[in-house]
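Numbering (our numbering), first residue to last: 14 to 193.
C-beta atoms are modelled at their ideal positions from N, C-alpha and C, and glycine is treated no differently.
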């Protein structure tokens, strides 16, 4: 692959990452080729009950990116723009899978521009092989996949996530909706 590192500063890739997907990993790794540093910001929403705690997501993401020297992981509460400013970053990195993602992300970018005009939003299109992946889909596969769920999850989540995801889903009982 081409290395596009343009010495472009610090980008934040924020999300719930509940769980982290191969699509998330792809966006972070591609972003890390463009920017000097990428911080994965795990947003904590007190109004939602996630599958994984913030500390568990932090641990999993640190494991996934342990060999990526210009990627770090941090948790935050509140507005993403406030977290970006606190991290002294200049860019919010976002992944786009579908036209509906683009519509929602475009509206969010406009709102963020009003809140923090000094920050830029950079969109990366999802790679074809990951464009159908969502955390919701992954939770469904983990819950309903039965004995071969681990094999089914390999094309969707990083290897370090499979065991904890299956354990968490089967400890929790039937999934009744999108917790995050």
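Query, Result
"Beta-carbon proximity check, residue 63 vs residue 29, cutoff 8 Å", "yes"
"Buried versus exposed call for residue 93 [16 or more other C-beta atoms within 10 Å across all chains shown]", "buried"
"Three-state secondary structure assigned by DSSP to residue 37", "helix"
"Close-in-space but distant-in-sequence residues of the same chain around residue 39 (CB under 6 Å, 5 per side omitted)", "140 and 143"
"Strand pairing of residue 10, partner residues [DSSP]", "Residue 10 is absent from the structure shown; the chain starts at 14 and stops at 193."
"C-alpha gap between residue 105 and residue 180, whole angstroms", "33 Å"
"Inside the segment 94 to 180 only - alpha helix (DSSP H) runs reaching at least 4 residues", "112 to 128, 148 to 157 and 162 to 166"
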